[in-house]
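K.L.:
Sequence order for the protein chains is S and Y. According to my numbering, the residues represented by the first sequence are 20 to 401, in order. According to my numbering, the residues represented by the second sequence are 267 to 630, in order.
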Amino acid sequence: MINYIYIYIYNTLVTTYRLISMQLITYEMLMLQPPPAKYGGRHTVTLIPGDGIGPELLNHVKEVFRFSCVPVDFEVVHVNSALESEDDINNAITAIRRNGVALKGNIETNHTMAPSVKSRNNLLRTSLDLYANVMHCQSLPGVQTRHKNIDIMIIRENTEGEYSSLEHESVSGVVECLKIITRNNSLRIADYAFRLAREKGRSRVTAVHKANIMKLGDGLFLQCCREVASGYPDITFDSMIVDNTTMQLVSKPQQFDVMVMPNLYGNVVSNVCAGLVGGPGLVPGANYGRDYAVFETATRNTGKSIAGRNIANPTAMLLAGCMMLDHLRLYDYASMIRNAILTTMNETRLHTADIGGQGTTSEVVQSIMRNIQSKGPLTTDL
Amino acid sequence: PLSIAPNVSRVVGALKKEAPQPRTFMRGIQTVTLIPGDGIGPEISTAVMEIFDAAKAPIQWEERNVTAIQGPGGKWMIPPDAKESMDRNKIGLKGPLKTPIAAGHPSMNLLLRKTFDLYANVRPCVSIEGYKTPYTDVDLVTIRENTEGEYSGIEHLIVDGVVQSIKLITEQASQRIAEYAFEYARNNQRASVTAVHKANIMRMSDGLFLRKCREAAEKHKDVKFTEMYLDTVCLNMVQDPTQFDVLVMPNLYGDILSDLCAGLIGGLGVTPSGNIGANGVAIFESVHGTAPDIAGKDMANPTALLLSAVMMLRHMGLHGHAKKIETACFDIIRDKKVLTKDLGGNSKCSEFTKAICQRVRDLD
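#1: Does the Cβ of methionine 292 (chain Y) have 16 or more other Cβ atoms within 10 Å, making it buried, or fewer, making it exposed?
#2: Here's the rule: buried if 16 or more other CB atoms are within 10 angstroms of the residue's CB, otherwise exposed. What is alanine 566 (chain Y)?
#3: In its own chain, which residues sit with a C-beta less than 8 Å from the C-beta of isoleucine 254 (chain S), not counting the 5 before and 5 after it?
#4: Give the straight-line distance between the Cα atoms of arginine 600 (chain Y) and lysine 322 (chain Y), rounded to the nearest whole angstrom.
#5: By the three-class DSSP mapping on this structure, what secondary structure does threonine 492 (chain Y) have?
#6: Contact criterion: CB-CB distance below 9 Å. Does valine 98 (chain S) meet it with respect to chain Y?
#7: Anyone know if the C-beta pair for isoleucine 115 (chain S) and tyrosine 311 (chain S) falls short of 9 Å?
#8: Spell out whether any CB of chain C is found under 9 Å from the CB atom of leucine 434 (chain Y).
#9: What are the residues of the stretch 105 to 132 of chain S that lie near chain Y, defined by any Cβ-Cβ distance shorter than 8 Å?
#10: Do you know whose CA, among Y:Tyr417, Y:Lys478 and Y:Pro308, lies nearest threonine 460 (chain Y)'s CA?
#11: Measuring straight from C-alpha to C-alpha, what distance separates valine 367 (chain S) and glycine 562 (chain Y)?
#12: Quick check for students: name the residue ranges of the alpha helix (DSSP H) that lie wholly in the stretch 427 to 491 of chain Y, counting only runs of 4 or more.
#13: In whole angstroms, give me the CA-to-CA distance for histidine 581 (chain Y) and glutamate 127 (chain S).
#14: Do you know whose CA, among Y:Ile622, Y:Gly427 and Y:Ala386, lies nearest leucine 518 (chain Y)'s CA?
#15: If we ignore side chains and look at the alpha-carbon of each, how far apart do valine 302 (chain S) and histidine 486 (chain Y) end up?
#16: Mind checking if glutamate 188 (chain S) is an interface residue toward chain Y, Cβ cutoff 9 Å exclusive?
#17: Cβ atoms of leucine 530 (chain Y) and cysteine 391 (chain Y): under 9 Å apart, would you say?
#18: Between leucine 434 (chain Y) and lysine 464 (chain Y), which are expected to be in contact by the criterion C-beta below 8 Å, what is the C-beta distance as a whole number of angstroms?
#19: When you compare the CB of glutamine 505 (chain Y) with every CB in chain S, is at least one pair closer than 9 Å?
#20: Near phenylalanine 510 (chain Y), what residues of its chain come up, given a Cβ to Cβ distance below 7 Å and the 5 sequence neighbours on each side ignored?
#21: Starting from leucine 235 (chain S), find everything on chain Y with Cβ-Cβ shorter than 8 Å and list it in chain order.
#22: Specify the secondary structure class of phenylalanine 291 (chain Y) as computed by DSSP and reduced to three states.
#23: Where do the ends of the alpha helix (DSSP H) carrying isoleucine 260 (chain S) lie?
#24: Tell me, which residues are paired with threonine 201 (chain S) by DSSP?
#25: Pairing CB atoms from the stretch 613 to 627 of chain Y with CB atoms from the stretch 311 to 318 of chain Y, are three or more of them under 8 Å?
#26: Classify proline 299 (chain S) as helix, strand or coil using the three-state DSSP reduction.
#27: Roughly how many angstroms lie between the CA atoms of arginine 309 (chain S) and glycine 297 (chain S), to the nearest whole one?
#28: Listing by chain order, which chain S residues have their CB less than 9 Å from the CB of alanine 496 (chain Y)?
#29: How many Å lie between leucine 206 (chain S) and phenylalanine 240 (chain S) at the Cα?
#30: In chain Y, what lies closer than 7 Å to glutamate 103 (chain S) by C-beta?
#31: Output yes if chain Y places a C-beta closer than 9 Å to the C-beta of lysine 229 (chain S); else output no.
#32: Do aspartate 347 (chain Y) and valine 547 (chain Y) count as a contact pair if the criterion is CB distance below 9 Å?
#33: Got a sec? Which residues, its chain only, sit under 7 Å from glutamine 273 (chain S) by beta carbon, not counting five neighbours each side?
#34: Can we say the stretch 282 to 292 of chain S touches the stretch 547 to 561 of chain Y, given the rule of at least three CB pairs closer than 8 Å?
#35: Give me the Cα-Cα distance between proline 68 (chain S) and asparagine 30 (chain S), rounded to the nearest whole angstrom.
#36: Who are the neighbours of isoleucine 391 (chain S) on chain Y, taking C-beta pairs under 9 Å?
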């Protein structure tokens, strides 16, 4: 009996110690400075064009930034997805380590190649330990959708879970794929979610899981979320099973506020939410790590079928650029460009084909730049 | 004309190795094992039996209980009379079963699945005219592998704080489900089959699944085959569900997607579902819960179980009766005069059932 008491006390102490050390680490993170501006107040950011619509959209981002005199220089690093060697992606990773911030398009994964050729995007995320993928889905007044008034923040664990890329074929015809859930990463992502919720003034965090079936794995994730929740009494915490979540999302998405979940469910839920607010061309996404941040579109589409035809929607990539500017603390530039984008979207209703309009990408970008010129303090020639 | 022999092989989606099983056949009446279930199960089963009676469907019901018992050696199993009835009749209709939390035995659904090797879960999602959702014109079928994948239940605690869950994909199971999907598409005049996967991340496991789907596609050239990533399917499904026809996928994606599609048409209270097993066994079920709070109060909605029973009739080849009952059910929902509480009305379950019975008789 006495032994059990000792064990209980020990466990409590260990948990408290862990929570305190998490708090210390997060204090550090709050104080995280973006990389110092070099060469006369200009930042350098790594740009990875990727495949499909990535290159053209990123060109538009560069155009808009140059036009608005944003003090950011882009260091372009190409990654060739057709090659088997990992030199390209390693160069990109080194460049991001050097600059601290990146803006990227999606790199295609050809799954007919050998399984040892891993997904480049995944490699980037795990090497840089970008553990939190944040996506903010908001209904835009200018876009027609079936559901209105959606405002959901999705925080998805970005490095482990089903995406551990650990597979083996022990017997011919039987393949095992490992899904890894660790206490550290689950605590980390839960803490990130609650801190972000507090920072943005949100009242509720929902954990999405499948712990009734995967009792140990998702059970651990849920337990970590509950532990962290106890440290944030001002924020309500509840949990929901992933299949019920998707059902609720398509019938009543307004009930959700902030959602936190492991990797695969994050993939499903973020794509469902992006579809609910109007499609992949509208939502930006960010991947945050302790030291690095990489910005991209939220649904990470390559868009091969619409590449090169001037019909892709530049909104998501431009908004991702604005998120990057916020991260670099260039808030004025960010709001200026963001307002121009939203004005184009909501007032002039210049829409591309994916949201039901007939505009081309260049028309939309020109309209945004005209908007910036009319409101902004200083621009280069149109 | 309902000649039985061609129906057996066509309708069961039989694999070539199986010989058509002889059916219990008494004056044209087919016997079906009925498992009422718990909670609202008994009321909705009674409702379905009444409606079938009114439609004069050639079905005779054999009621069985499947509460788990502990067999010799301590292994949990379903009662032998239930198993024997199911093996004899081959077709079953099941209401919702509750899983007691601390009973010591695994979930009943899992037990049934293991006992009869129910490898395919088929869920047709068709928009119900009269039950408005933001999505209209949904007409798709999700076919989900039901035995392995992420739900193998193999988990280990490697070191303190690190848990590993194993997702198992085997060649045999993938082949079986792929073949079934194409057979289903062929038998039900569906134009295309889409394989849903995440082979860009899970290269070997989903890669194996995809290869088997491609092989099955080769053997069924009359059905169009496409493959799509899970995230793309989710994205497109909530924007335009009309572009999908038959979807085939491993266990976890199937779980999420089939519930997503159920949400599109109005929830689990109106969605039918069928489980196909090896040896020609098929169990059709309602997938909602037991709703203990409304059990016994005559408030339940029998639509899900009724539509599953209609699916069962189609599976057996009794298309005429299936169409009659389905039309009656949709007509009553469209009229909006007699609806249960969850459909937005105020009527009792018995009133709803009587209205459908009356409509069925009128359609004759």
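The C-beta atom is built at its ideal place from N, Cα and C for all residues, glycine as well.
P.N.:
So, to answer that:
#1: Taking the second sequence and counting its residues from 1, the one referred to as residue 292 (chain Y) is at position 26. With a pLDDT of 48 at methionine 292 (chain Y), under the threshold of 50, the predicted position of this residue should be treated as unreliable, and no value is reported.
#2: As a working mapping, residue 566 (chain Y) is identified with position 300 in the second sequence. The residue in question, alanine 566 (chain Y), is buried, as its Cβ has 16 or more Cβ neighbours within 10 Å.
#3: Numbered from its first residue, the first sequence carries residue 254 (chain S) at position 235. Sequence-distant partners of isoleucine 254 (chain S) (beyond 5 residues in either direction) whose C-beta falls short of 8 Å from its own C-beta, in its chain, are Phe213, Ala216, Arg217, Arg221, Ser222, Arg223, Val224 and Ala248.
#4: Taking the second sequence and counting its residues from 1, one reaches residue 600 (chain Y) at position 334. Taking the second sequence and counting its residues from 1, one reaches residue 322 (chain Y) at position 56. Those two C-alpha atoms are separated by around 23 Å.
#5: On the second sequence, position 226 is the one that residue 492 (chain Y) refers to. Secondary structure of threonine 492 (chain Y) (DSSP, three-state): strand.
#6: Counting from 1 along the first sequence, the entry for residue 98 (chain S) is found at position 79. Chain Y, which has no Cβ nearer than 9 Å to the Cβ of valine 98 (chain S), makes this no.
#7: Locating residue 115 (chain S) in the first sequence gives position 96, counting from the first residue. Locating residue 311 (chain S) in the first sequence gives position 292, counting from the first residue. Their beta carbons are under 9 Å apart, which means isoleucine 115 (chain S) touches tyrosine 311 (chain S) by this criterion.
#8: The structure shown contains no chain C; its protein chains are S and Y.
#9: The residues in question are Thr128 and His130.
#10: Looking up residue 460 (chain Y) in the second sequence gives position 194. Just measuring C-alpha positions, the residue of Y:Tyr417, Y:Lys478 and Y:Pro308 sitting nearest threonine 460 (chain Y) is Y:Lys478.
#11: Mapped onto the first sequence, residue 367 (chain S) falls at position 348. Mapped onto the second sequence, residue 562 (chain Y) falls at position 296. Per the sequence presented here, residue 367 (chain S) reads as threonine, with valine not at that position. CA-CA distance, threonine 367 (chain S) to glycine 562 (chain Y), rounds to 57 Å.
#12: Listed in chain order, the complete alpha helix (DSSP H) runs (minimum 4 residues) inside the stretch 427 to 491 of chain Y are 437 to 453 and 469 to 485.
#13: Residue mapping note: residue 581 (chain Y) aligns to position 315 of the second sequence, counting from 1. Residue mapping note: residue 127 (chain S) aligns to position 108 of the first sequence, counting from 1. Their backbone Cα atoms lie some 42 Å apart in a straight line.
#14: Here residue 518 (chain Y) corresponds to residue number 252 of the second sequence, with the count starting at 1. Here the closest residue by C-alpha is Y:Ala386.
#15: Within the first sequence, numbered from 1, the residue matching residue 302 (chain S) stands at position 283. Within the second sequence, numbered from 1, the residue matching residue 486 (chain Y) stands at position 220. Taking the straight line joining both Cα atoms gives about 39 Å.
#16: Translated into positions along the first sequence, residue 188 (chain S) becomes position 169. Output row for glutamate 188 (chain S): interface = yes.
#17: As a working note, residue 391 (chain Y) is residue 125 in the second sequence. As a working note, residue 530 (chain Y) is residue 264 in the second sequence. A distance below 9 Å separates the beta carbons of cysteine 391 (chain Y) and leucine 530 (chain Y).
#18: Indexing the second sequence from 1 puts residue 434 (chain Y) at position 168. Indexing the second sequence from 1 puts residue 464 (chain Y) at position 198. Separation of the CB atoms of leucine 434 (chain Y) and lysine 464 (chain Y) is rounded to 15 Å, and the pair is thereby denied contact status at 8 Å.
#19: Looking up residue 505 (chain Y) in the second sequence gives position 239. So yes, glutamine 505 (chain Y) belongs to the interface.
#20: The residue given as residue 510 (chain Y) occupies position 244 in the second sequence. If you ignore the 5 residues before and after phenylalanine 510 (chain Y), its C-beta comes within less than 7 Å of the C-beta of Leu406, Thr460 and Met503, all in its own chain and listed in chain order.
#21: Here residue 235 (chain S) corresponds to residue number 216 of the first sequence, with the count starting at 1. Those are Glu421, His422, Leu423, Val429 and Ser431, listed as they occur along chain Y.
#22: For the purposes of this step, residue 291 (chain Y) is taken as residue 25 along the second sequence, with counting starting at 1. For phenylalanine 291 (chain Y), the predicted model reports a pLDDT of 46, less than 50, meaning its position is unreliable and no value from the coordinates is stated.
#23: Here the question's residue 260 (chain S) lines up with position 241 in the first sequence. Premise fails: isoleucine 260 (chain S) lies in the beta strand (DSSP E), 255 to 260, not in any alpha helix (DSSP H).
#24: Looking up residue 201 (chain S) in the first sequence gives position 182. Partner(s): Y:Val428.
#25: Here the stretch 613 to 627 of chain Y makes contact with the stretch 311 to 318 of chain Y; the two share three or more CB pairs at distances below 8 Å.
#26: Indexing the first sequence from 1 puts residue 299 (chain S) at position 280. Coil, per DSSP.
#27: Along the first sequence, one-based indexing puts residue 309 (chain S) at 290. Along the first sequence, one-based indexing puts residue 297 (chain S) at 278. Rounded to the nearest angstrom, the two C-alpha atoms are 31 Å apart.
#28: Here residue 496 (chain Y) refers to the residue found at position 230 of the second sequence. Looking at the sequence itself, residue 496 (chain Y) is leucine, so the reference to alanine does not match. Residues of chain S passing the Cβ test: Leu283, Asn286, Val287 and Asn290.
#29: Here the question's residue 206 (chain S) lines up with position 187 in the first sequence. Here the question's residue 240 (chain S) lines up with position 221 in the first sequence. Rounded to the nearest whole angstrom, the CA to CA distance from leucine 206 (chain S) to phenylalanine 240 (chain S) is 8 Å.
#30: The sequence position of residue 103 (chain S) within the first sequence is 84, counting from 1. Simply none; closest approach about 13 Å.
#31: Within the first sequence, numbered from 1, the residue matching residue 229 (chain S) stands at position 210. Closer than 9 Å: yes.
#32: Here residue 547 (chain Y) corresponds to residue number 281 of the second sequence, with the count starting at 1. Here residue 347 (chain Y) corresponds to residue number 81 of the second sequence, with the count starting at 1. No, they are not a contact pair.
#33: Mapped onto the first sequence, residue 273 (chain S) falls at position 254. Counting only residues of its own chain and dropping the five nearest sequence neighbours on each side, glutamine 273 (chain S) has a CB closer than 7 Å to the CB of Asn168 and Ile169.
#34: Contact between the stretch 282 to 292 of chain S and the stretch 547 to 561 of chain Y is absent, because fewer than three Cβ pairs lie under 8 Å.
#35: As a working mapping, residue 68 (chain S) is identified with position 49 in the first sequence. As a working mapping, residue 30 (chain S) is identified with position 11 in the first sequence. Straight-line spacing of the CA atoms in proline 68 (chain S) and asparagine 30 (chain S) works out to 49 Å.
#36: Taking the first sequence and counting its residues from 1, one reaches residue 391 (chain S) at position 372. Contact of isoleucine 391 (chain S) with chain Y by beta-carbon distance below 9 Å is absent, the smallest such distance being about 30 Å.
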